[in-house]
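Enquirer:
Number of protein chains: 2
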Amino acid sequence: MDLLNRLLNGEKRAVARLISMAENHDPEAIHILKKLYSKTGRAHIIGITGPPGAGKSTLTDKLVKALRKEGKTVGVVAVDPTSPFTGGSILGDRVRMNDLSLDSGVFIRSMGTRGHLGGISKATQAAVKILDIYGVDYIFVETVGVGQSEVDIVKNVDTTLMVMVPGLGDDIQTLKAGIMEIGDIFAVNKADRDGAKKTATQIEMMLDFNHFEWRPPVQLVVALDNSGIDELLQKLKEHRNYMVETGNLHKRRIKNSKIEIIDLVQQELMSMILDKSTKEQMIDKLAEKVAFREHDPYSAAEEVLNELR
Amino acid sequence: MDLLNRLLNGEKRAVARLISMAENHDPEAIHILKKLYSKTGRAHIIGITGPPGAGKSTLTDKLVKALRKEGKTVGVVAVDPTSPFTGGSILGDRVRMNDLSLDSGVFIRSMGTRGHLGGISKATQAAVKILDIYGVDYIFVETVGVGQSEVDIVKNVDTTLMVMVPGLGDDIQTLKAGIMEIGDIFAVNKADRDGAKKTATQIEMMLDFNHFEWRPPVQLVVALDNSGIDELLQKLKEHRNYMVETGNLHKRRIKNSKIEIIDLVQQELMSMILDKSTKEQMIDKLAEKVAFREHDPYSAAEEVLNELR
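As you go down the protein sequences, you meet chains A and B in turn.
Here this note's numbering is used: position 21 in the first sequence is 21, and no number is missing along the way.
Here this note's numbering is used: position 34 in the second sequence is 343, and no number is missing along the way.
#1: Helix, strand or coil for residue 329(B)? Go by DSSP, reduced to three states.
#2: Express the C-alpha separation of residue 354(B) and residue 521(B) in angstroms, rounding to a whole number.
#3: May I have the straight-line CA-CA distance separating residue 334(B) from residue 565(B), to the nearest angstrom?
#4: Might you give, ordered along the chain, the residues of its own chain that have their beta carbon closer than 7 Å to the beta carbon of residue 224(A), omitting 5 neighbours on each side?
#5: For the beta strand (DSSP E) that residue 334(B) lies in, which residues bound it at each end?
#6: Check distances from the C-beta atoms of the stretch 28-51 of chain A to those of chain B and list, in chain order, the residues that come in under 9 Å.
#7: Taking Cβ-Cβ distances shorter than 7 Å, what residues in chain B pair up with residue 131(A)?
#8: Please determine, among 228(A), 215(A) and 272(A), the residue with the shortest C-alpha to C-alpha distance to residue 62(A).
#9: Where does the unbroken alpha helix (DSSP H) through residue 411(B) begin, and where does it stop?
#10: Taking only three categories from DSSP, how would you classify residue 40(A)?
#11: Taking only runs that begin and end inside the stretch 531-556 of chain B, name each unbroken alpha helix (DSSP H) of 4 or more residues, in chain order.
#12: Going by the beta-carbon positions, is the gap between residue 23(A) and residue 111(A) smaller than 8 Å?
#13: For residue 21(A), which of 309(A), 130(A) and 72(A) has the nearest alpha-carbon?
#14: Quick check: the stretch 287-295 of chain A against the stretch 545-565 of chain B, are at least 3 beta-carbon pairs closer than 8 Å?
#15: Here's the rule I'm using: 16 or more other beta-carbon atoms within 10 Å means buried, otherwise exposed. How should residue 514(B) be labelled?
#16: Please decide whether residue 540(B) counts as near chain A, where near means a Cβ-Cβ distance under 8 Å.
#17: Determine the DSSP secondary structure at residue 162(A), reduced to helix, strand or coil.
#18: Ignore the nearest five residues each way along the sequence and tell me which others in residue 236(A)'s own chain have a CB closer than 7 Å to its CB.
#19: Under a Cβ-count criterion, where at least 16 other Cβ atoms within 10 Å of its own Cβ denotes burial, should residue 121(A) be classed as buried or exposed?
#20: Does residue 198(A) have its Cβ less than 8 Å from a Cβ in chain B?
#21: Between the stretch 317-324 of chain B and the stretch 576-588 of chain B, are three or more C-beta pairs nearer than 8 Å?
#22: Per DSSP, residue 257(A) forms a beta bridge with which residues?
#23: Out of 364(B), 377(B), 312(B) and 358(B), which has the shortest C-alpha to C-alpha gap to residue 345(B)?
#24: Using a Cβ cut-off of 7 Å, pull out every chain B residue sitting near residue 314(A), in sequence order please.
#25: Check the Cβ of residue 606(B) against every Cβ in chain A and list those closer than 7 Å, keeping chain order.
#26: Which residue wins for smallest C-alpha separation from residue 349(B), given the options 556(B), 550(B) and 446(B)?
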């Protein structure tokens, strides 16, 4: 049986295979996704992000376990920051959620950030679609970091959970600025630590400055002790219900689809530039001249563009 | 006198003006940079990055002050994470390094991340070039976060200083994976805290696994107390000397120039897509169909590409 039908038949190995193909830019994966795209849009897609050390992985584990108790099926796509030079995933699946990996109702995949030209966002979104077609009820997209690329990844979801932690120091002001507008729900993890309530209050105060249709709730949790997890899960569900009932889910999906189309166009254009080895040789020569200040990068870019036309 | 000559004459206000113009994509700024590009390449450009809460701003302040004591002039370009929706810089210059802002030998500029299409990297690199032409001896490019975009920003420098801090928890493994290869020098800040030596040892162990021509040194510092700053500055200088003497500085600059040219080409292609309002309308319509699962994003992207041809 071909991959398309194996996926439709709920074969877990077909999911793994298709995600790998998408990561490796195999056109067959895209071909299958084109055919089955109308079957997406059912799962509740939740983005989980926040600064390093916030305990996002542990929190994701606990949320997955709580959903499993309800009999729900879950997919997890964990985006790991990796070397800009070697590519590939560092945190392998093996070190994550060991006790969950044998559960047939859970599918976990770690993805590396390959290259800097948007490849991760394309592969991540393909993985989410594949899991959605496969038929899981919930999909978590977990990413480390607070940079623009992480924000891009979690933007393309139904609900964004921002995980904060006490003791971020001065950077909390900076962090908050960048995240207040993308967080639908805030969790303050490690809430048994000093300063947890202060952090929660700071977040609430920042939220008070904004006007929201949906006022993001702030939930204290201690993921390690499973404390506050059920309450957090409830809030995630409430957000999804709110999005569906108000029609905002469709609005968000239109916006996300626009970003995705533009990203795909951009990536295709870039691969057009770099695939032709003569063009890459041209760029190499220009780069050398620019490095030695015999040429400037702006004129060099114009020459490459003229060559493309 | 025109801006070009005011910059060459060392007018600080011309620097500020030109950077603003570059941020606003004013073609005149690029025109001037093209003319004066051969005057760049003199300053020691140092990227400073690391996770939130590591105290990068304080550390940068202290390094700037140490250099000022030596009579060196310094430029600082601080890249702040900002809302993906509103754009603009959050941490204004006003909250940074107040006592330095009156020093005529220091130029400080905070830059927001505008949009997600690489605009920040173009504007940041333009700011660095402007400061280089202006004639400062050192340029610090400081960025918050550990995401790919932050890595991209600090990659285009002579020396990358990675600021770590005790107590990053589990994420230190993840962080390390992403940063080991881009850090030329590691600082463990807040070294008076518990676990500082352990963090330093963990970094040293990770470094031991790699083979470097230049073995990155690990320096304990307490930026707030000015402890370890002179030693760290010495290491930054040693790295630059090593890069010059071995010819690696030119190799790195060729690589960086290549990345910059490709980024510029990519940005130009994207603005070609989005500038024509008819094309954006087309994308809007496609996005709506995709959101309602009447169309798939891959075919939509192909249609946009066909329209471009």
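Virtual Cβ for every residue (Gly too), placed ideally from N, Cα, C.
Expert: In terms of the structure at hand:
#1: Translated into the one-based positions of the second sequence, residue 329(B) becomes position 20. Correct three-state label for residue 329(B): helix.
#2: Your numbering for residue 521(B) matches position 212 in the second sequence. Your numbering for residue 354(B) matches position 45 in the second sequence. Rounded to whole angstroms, residue 521(B) to residue 354(B) spans 21 Å at the Cα level.
#3: Here residue 334(B) corresponds to residue number 25 of the second sequence, with the count starting at 1. Here residue 565(B) corresponds to residue number 256 of the second sequence, with the count starting at 1. Their Cα atoms are separated by approximately 21 Å.
#4: Locating residue 224(A) in the first sequence gives position 224, counting from the first residue. Same-chain partners within the cutoff: 58.
#5: Position 25 of the second sequence, counting from 1, holds the residue named residue 334(B). It is not in any beta strand (DSSP E) - residue 334(B) carries neither H nor E in the DSSP assignment.
#6: Contact annotation: in the stretch 28-51 of chain A, residues whose CB is within less than 9 Å of a CB in chain B are 30, 31, 33, 34, 35, 36, 37, 38, 39, 40, 41 and 51.
#7: Locating residue 131(A) in the first sequence gives position 131, counting from the first residue. Those within 7 Å of residue 131(A) in chain B number zero; the least Cβ separation is about 16 Å.
#8: On the first sequence, position 62 is the one that residue 62(A) refers to. Of 228(A), 215(A) and 272(A), the residue nearest in Cα terms is 228(A).
#9: Taking the second sequence and counting its residues from 1, the one referred to as residue 411(B) is at position 102. First-last for residue 411(B): undefined, no H or E at that position.
#10: Within the first sequence, the letter at position 40 stands for residue 40(A). Coil.
#11: Runs of the alpha helix (DSSP H) inside the stretch 531-556 of chain B: 538-555.
#12: Numbered from 1 along the first sequence, position 23 holds the residue referred to as residue 23(A). Numbered from 1 along the first sequence, position 111 holds the residue referred to as residue 111(A). It is a contact, given that the beta carbons lie within the stated cut-off.
#13: Mapped onto the first sequence, residue 21(A) falls at position 21. The shortest CA-to-CA distance from residue 21(A) to any of 309(A), 130(A) and 72(A) is the one to 130(A).
#14: Output reads yes: the stretch 287-295 of chain A touches the stretch 545-565 of chain B.
#15: The count along the second sequence starts at 1 and reaches residue 514(B) at position 205. Exposed, by the Cβ-count rule.
#16: As a working mapping, residue 540(B) is identified with position 231 in the second sequence. It does not; no Cβ of chain A falls within 8 Å.
#17: Numbered from 1 along the first sequence, position 162 holds the residue referred to as residue 162(A). When DSSP states are grouped into helix, strand and coil, residue 162(A) belongs to the strand group.
#18: Numbered from 1 along the first sequence, position 236 holds the residue referred to as residue 236(A). Closer than 7 Å at Cβ, skipping near neighbours: 46, 159, 161 and 185.
#19: Numbered from its first residue, the first sequence carries residue 121(A) at position 121. Buried, since its Cβ has 16 or more Cβ neighbours within 10 Å.
#20: Reading the first sequence from its first residue, position 198 is the one you call residue 198(A). Interface annotation, residue 198(A): not in contact with chain B, CB-CB separation never under 8 Å.
#21: No, the stretch 317-324 of chain B does not touch the stretch 576-588 of chain B.
#22: As a first step, residue 257(A) is located in the first sequence; it is residue number 257 there, counting from the start. According to DSSP, residue 257(A) bridges with nothing at all.
#23: Here residue 345(B) refers to the residue found at position 36 of the second sequence. Comparing Cα-Cα distances from residue 345(B) to each of 364(B), 377(B), 312(B) and 358(B), the minimum goes to 312(B).
#24: Past the edges of chain A, shown from 1 to 309, lies residue 314(A), and the structure says nothing about it.
#25: In the second sequence, residue 606(B) corresponds to position 297, counting from 1. For residue 606(B), the neighbours in chain A by C-beta distance under 7 Å run, in chain order, 257, 260, 261 and 264.
#26: Locating residue 349(B) in the second sequence gives position 40, counting from the first residue. Ranking 556(B), 550(B) and 446(B) by Cα distance to residue 349(B) puts 446(B) first.
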